[in-house]
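J.: Those protein sequences? They're chains X and H, same order as listed. Residue 42 in my numbering sits at position 44 of the first sequence, and the numbers go up by one each step. To convert, take the position in the second sequence, counting from 1, and add 1416; that gives my numbering. For glycine and all other residues, C-beta sits at the position ideal for the given N, C-alpha and C. No experiment lies behind these values; they were computed from the predicted model shown. After the structure tokens below, expect a handful of questions from me.
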Amino acid sequence: DAGVIQSPRHEVTEMGQEVTLRCKPISGHDYLFWYRQTMMRGLELLIYFNNNVPIDDSGMPEDRFSAKMPNASFSTLKIQPSEPRDSAVYFCASSPGRTQYFGPGTRLLVL
Amino acid sequence: AQKITQTQPGMFVQEKEAVTLDCTYDTSDQSYGLFWYKQPSSGEMIFLIYQGSYDEQNATEGRYSLNFQKARKSANLVISASQLGDSAMYFCAMREGQRTSGSRLTFGEGTQLTVNP
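Below is the structure:
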């Protein structure tokens, strides 16, 4: 069975550029979560969706961040414009309701 | 206030021995769930074990068991017969709210476990 798929796995970009992270959840999972992991702040929930609808986006740091889930098998997290402090590992996770299963993460470096 | 506290930044254990990783939590909800995840150096987050607040028995999954002490609000992870591949960062997490809710997880800061040969 395929797990959560994220792309790209690594992204290096320059400050001011737009960054789009992609996620394909496990088929049949109704919940999708975006997390960010940094040394300073640990693992933080950015936003989560239920049945493609955003439920809680209180963790989104600012207007530069946006997330969409146009259908049950795809979600994006966009940062525009990117800043060096956005450098982190971004995880997508999906869940059928209880346990969250994480993707491999996208390592983002903003220069 | 911290909702999940992992007081051990680093732990060392000899191969084949058991080790306990501590986790305490804070919630006023009656219904909640506790999770442990493993993050090896490769970076992925691997689900290990789950304990529901209403579960009367401690959860077990192979070599992993969860020592759940509700009154003390602790949910310690016990790894028996440690293996070199157990070396990783371990995170305790809590979900508050309804049992079947897919709501947010709050993570602790993690414990770095090193298994020595």
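1. Could you tell me which residues DSSP pairs with ALA86 of chain X in its beta bridges?
2. How close, in whole Å, do the beta carbons of TYR1448 of chain H and ARG1488 of chain H come, if the pair is a contact with beta carbons under 8 angstroms?
3. Count the C-beta pairs between the stretch 78 to 88 of chain X and the stretch 1419 to 1439 of chain H that are closer than 8 angstroms, then say yes if the count reaches three, no if not.
4. Can you give me the C-alpha to C-alpha distance between GLY26 of chain X and SER56 of chain X, rounded to a whole angstrom?
5. Just how far apart, CA to CA, sit GLU1460 of chain H and PRO102 of chain X?
6. Output needed for GLN78 of chain X: all residues of its chain with C-beta closer than 7 angstroms, excluding positions within five of it in sequence on either side, in chain order.
7. Going by CA-CA distance only, name the one from H:PHE1451, H:TYR1470, H:SER1498 and H:SER1444 that's closest to SER1436 of chain H.
8. Does ASP61 of chain X come out as helix, strand or coil in the three-state DSSP assignment?
9. Can you confirm whether PHE1484 of chain H, when its beta carbon is compared against all beta carbons of chain X, has any partner nearer than 8 angstroms?
10. Is ARG1520 of chain H buried or exposed, if buried means 16 or more other CB atoms sit within 10 Å of its CB?
11. Can you tell which of X:MET58, X:SER80 and X:TYR46 has the C-alpha that lies nearest to the C-alpha of ASP28 of chain X?
12. Who pairs with PRO52 of chain X in a beta bridge, going by DSSP?
13. Taking the C-alpha atoms as reference points, what is the distance between ALA1509 of chain H and CYS21 of chain X?
14. Alpha carbons only, please: which of H:GLN1467, H:PRO1425 and H:GLN1430 is nearest the one belonging to GLY1501 of chain H?
15. What did DSSP end up calling GLY1426 of chain H once you bin it into helix, strand or coil?
16. Under 8 angstroms Cβ-Cβ, which residues of chain X neighbour GLU1477 of chain H?
17. Along the chain, which unbroken stretches of the beta strand (DSSP E) at least 3 residues long are found entirely within the stretch 1431 to 1501 of chain H?
18. Tell me whether the beta-carbon of PHE1523 of chain H lies closer than 8 angstroms to the beta-carbon of GLN1455 of chain H.
19. MET37 of chain X to SER64 of chain X, Cα distance in whole Å?
T.: With the structure as the only source:
1. Mapped onto the first sequence, residue 86 of chain X falls at position 88. By DSSP's assignment, ALA86 of chain X forms a beta bridge with X:LEU106.
2. Working through the second sequence from its first residue, we reach residue 1448 of chain H at position 32. Working through the second sequence from its first residue, we reach residue 1488 of chain H at position 72. At roughly 15 angstroms, the Cβ-Cβ gap does not stay under 8 angstroms, so TYR1448 of chain H and ARG1488 of chain H are not in contact.
3. The count of Cβ pairs closer than 8 angstroms, one atom from the stretch 78 to 88 of chain X and one from the stretch 1419 to 1439 of chain H, stays below three, leaving the stretches out of contact.
4. As a working note, residue 26 of chain X is residue 28 in the first sequence. As a working note, residue 56 of chain X is residue 58 in the first sequence. Each residue's alpha carbon lies about 25 angstroms from the other.
5. Along the second sequence, one-based indexing puts residue 1460 of chain H at 44. Along the first sequence, one-based indexing puts residue 102 of chain X at 104. Using only the alpha carbons, I get a separation of about 5 angstroms.
6. For the purposes of this step, residue 78 of chain X is taken as the residue at position 80 of the first sequence. GLU16 and ARG62, listed in sequence order.
7. Here the question's residue 1436 of chain H lines up with position 20 in the second sequence. Inspection of the sequence shows that residue 1436 of chain H is occupied by Thr rather than by Ser. Comparing Cα positions, the closest option is H:SER1498.
8. Walking along the first sequence from the start, residue 61 of chain X turns up at place 63. Note: ASP61 of chain X maps to coil in three-state DSSP.
9. Here residue 1484 of chain H corresponds to residue number 68 of the second sequence, with the count starting at 1. Taking Cβ atoms only, chain X never reaches closer than 8 angstroms to PHE1484 of chain H, which makes this a no.
10. Residue numbering aside, residue 1520 of chain H sits at position 104 when the second sequence is read from its first letter. That one is buried.
11. As a working mapping, residue 28 of chain X is identified with position 30 in the first sequence. The candidate whose alpha carbon is nearest that of ASP28 of chain X is X:TYR46.
12. Taking the first residue of the first sequence as 1, we reach residue 52 of chain X at position 54. According to DSSP, PRO52 of chain X bridges with X:PHE47.
13. On the second sequence, position 93 is the one that residue 1509 of chain H refers to. On the first sequence, position 23 is the one that residue 21 of chain X refers to. CA-CA distance, ALA1509 of chain H to CYS21 of chain X, rounds to 22 angstroms.
14. Position 85 of the second sequence, counted from the first residue, corresponds to residue 1501 of chain H. Nearest to GLY1501 of chain H by C-alpha distance, out of H:GLN1467, H:PRO1425 and H:GLN1430, is H:GLN1430.
15. Walking along the second sequence from the start, residue 1426 of chain H turns up at place 10. Three-state result, GLY1426 of chain H: strand.
16. Within the second sequence, numbered from 1, the residue matching residue 1477 of chain H stands at position 61. For GLU1477 of chain H, there are no neighbours in chain X by C-beta distance under 8 angstroms, as the nearest C-beta there is about 11 angstroms away.
17. Entirely contained in the stretch 1431 to 1501 of chain H, the beta strand (DSSP E) runs reaching 3 residues are, in chain order, 1435 to 1437, 1448 to 1455, 1462 to 1468, 1480 to 1485 and 1490 to 1495.
18. If you number the second sequence from 1, residue 1523 of chain H lands on position 107. If you number the second sequence from 1, residue 1455 of chain H lands on position 39. The answer is no: Cβ separation not under 8 angstroms.
19. As a position in the first sequence, residue 37 of chain X is number 39, starting the count at 1. As a position in the first sequence, residue 64 of chain X is number 66, starting the count at 1. Each residue's Cα considered, the two are about 23 angstroms apart.
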